[in-house]
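Reading through the structure tokens given below for one structure.
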Amino acid sequence: MKFEFEFVSCYELEHFLKDKLGKKINIYGVDNTNLFGEYFSQYRTYSEMFQPGLPFYIRYCLDGYIDGAFRISVGNVTKNSTVGEKLAALSDFYLALVETYGNPTAFYTTKEDVEKLFTLQWSFANKEEVITKFKNNTYFDDANIDKLIIIDEKTDDVINHNLKDETKQIISEQIGLPFELLPLINENLEDYLMYTKGKKIEVPKGVMTDCLPVTSFEEKPKTRTLSK
Numbered sequence: 011m012k013f014e015f016e017f018v019s020c021y022e023l024e025h026f027l028k029d030k031l032g033k034k035i036n037i038y039g040v041d042n043t044n045l046f047g048e049y050f051s052q053y054r055t056y057s058e059m060f061q062p063g064l065p066f067y068i069r070y071c072l073d074g075y076i077d078g079a080f081r082i083s084v085g086n087v088t089k090n091s092t093v094g095e096k097l098a099a100l101s102d103f104y105l106a107l108v109e110t111y112g113n114p115t116a117f118y119t120t121k122e123d124v125e126k127l128f129t130l131q132w133s134f135a136n137k138e139e140v141i142t143k144f145k146n147n148t149y150f151d152d153a154n155i156d157k158l159i160i161i162d163e164k165t166d167d168v169i170n171h172n173l174k175d176e177t178k179q180i181i182s183e184q185i186g187l188p189f190e191l192l193p194l195i196n197e198n199l200e201d202y203l204m205y206t207k208g209k210k211i212e213v214p215k216g217v218m219t220d221c222l223p224v225t226s227f228e229e230k231p232k233t234r235t236l237s238k
């Protein structure tokens with residue numbers, strides 16, 4: 011089965027992302043179905059200027075393989091890469107692509123992953139079957155799902171249940187990622203804001219955001235250091 015995507019291949023996708031993200035990305039590998047490179051956030055310390063950006067990998071399928079999925083993965087550049095930094099990278103890719111593809115199907119990580127990849131996946135075929143496989147941990151033959159967040163899923167969660175879809179959409183536009191990732195952003199808010207806004211922003215303790223507590227990823231912000 012062939013799917014009608016906005017882009018014919020990763021070569022066209024490459025030009026689109028370069029136009030949208032500019033100097034934030036450096037693409038150094040591309041073929042018909044794969045694209046990879048490095049991402050540079052707006053916030054970089056002096057020592058970070060001499061380091062590579064966060065590695066990112068895009069799998070873009072036209073023929074039904076992996077359920078006609080489109081996935082973006084962002085990993086660690088060093089052991090000190092933070093959750094907030096990787097979420098900021100995903101946010102830029104998400105905002106560049108959401109108008110074309112809408113919300114992704116799922117956000118996930120896998121166990122024993124050396125690169126600690128954060129992945130957003132859009133599934134265009136057999137979507138409900140794909141979600142079931144994710145939940146049953148049968149989607150991959152060579153990896154086990156660790157953290158899984160299904161996007162646009164109706165749940166009994168009080169906040170999710172009480173909000174209208176229009177409200178969730180407004181919140182998604184404000185935070186730069188799907189609404190369902192809001193708790194993860196809140197847990198790492200200072201880092202996320204630092205890497206999306208390009209400067210350190212202190213979040214007062216005890217502040218509540220959309221009925222969720224705002225907490226720091228660390229008392230002191232992490233910065234990457236040169237590898238020995």
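Read in order, the letters of the sequence shown are residues 11 to 238 in our numbering.
The C-beta atom is built at its ideal place from N, Cα and C for all residues, glycine as well.
For residue i, the residue or residues it bridges with in DSSP
i: Pro-114; result: DSSP, once it has assigned bridges, lists no residue as partnering Pro-114.
i: Gln-52; result: Paired residue(s): none; Gln-52 is not in a bridge.
i: Gly-39; result: Phe-46
Beta-carbon separation (whole angstroms), residue i vs residue j, contact threshold 8 Å
i: Gly-64; j: Glu-48; result: Here residue 64 is Leu; the residue named in the question, Gly, does not match the sequence. Indeed they touch by this definition, with Cβ atoms about 6 Å apart.
i: Lys-253; j: Phe-128; result: Residue coverage of the chain in this structure runs from 11 to 238, which leaves residue 253 outside it and unanswerable.
i: Asn-154; j: Asn-147; result: 6 Å
i: Val-40; j: Tyr-21; result: 6 Å
i: Thr-110; j: Ile-161; result: Contact doesn't hold; Cβ gap of about 16 Å is too wide.
i: Phe-103; j: Leu-191; result: Phe-103 to Leu-191, Cβ: 13 Å. No contact.
i: Ile-35; j: Leu-27; result: 6 Å
Cβ-based burial, residue i [other Cβ within 10 Å; buried from 16]
i: Gln-131; result: buried
i: Glu-139; result: exposed
i: Glu-183; result: exposed
i: Phe-150; result: exposed
i: Thr-142; result: exposed
i: Gly-85; result: buried
i: Glu-163; result: exposed
i: Glu-176; result: exposed
Where residue i sits in the DSSP three-state scheme
i: Ala-79; result: strand
i: Glu-125; result: coil
i: Val-168; result: For Val-168, the predicted structure reports a pLDDT of 45, less than 50, and the residue's modelled location is therefore unreliable. A value from the coordinates is still provided. DSSP places Val-168 in helix when its eight states are reduced to three.
i: Gly-63; result: coil
i: Ser-182; result: helix
i: Lys-174; result: coil
i: Glu-109; result: helix
i: Phe-46; result: strand
i: Glu-119; result: Checking the sequence shown, residue 119 turns out to be Thr, not Glu. Residue state, collapsed to three classes: strand.
i: Lys-210; result: coil
| message | Closer than 8 Å is the cut-off here; do at least three beta carbon pairs connect the region 40-47 with the region 90-97? | response | Fewer than three pairs of CB atoms, one per stretch, sit closer than 8 Å, so the region 40-47 makes no contact with the region 90-97.
| message | Using 8 Å as the cut-off, can you tell me whether the region 107-127 makes contact with the region 199-208, which would need three or more C-beta pairs spanning the two stretches below that distance? | response | Contact fails between the region 107-127 and the region 199-208, because fewer than three Cβ pairs, one in each stretch, are under 8 Å apart.
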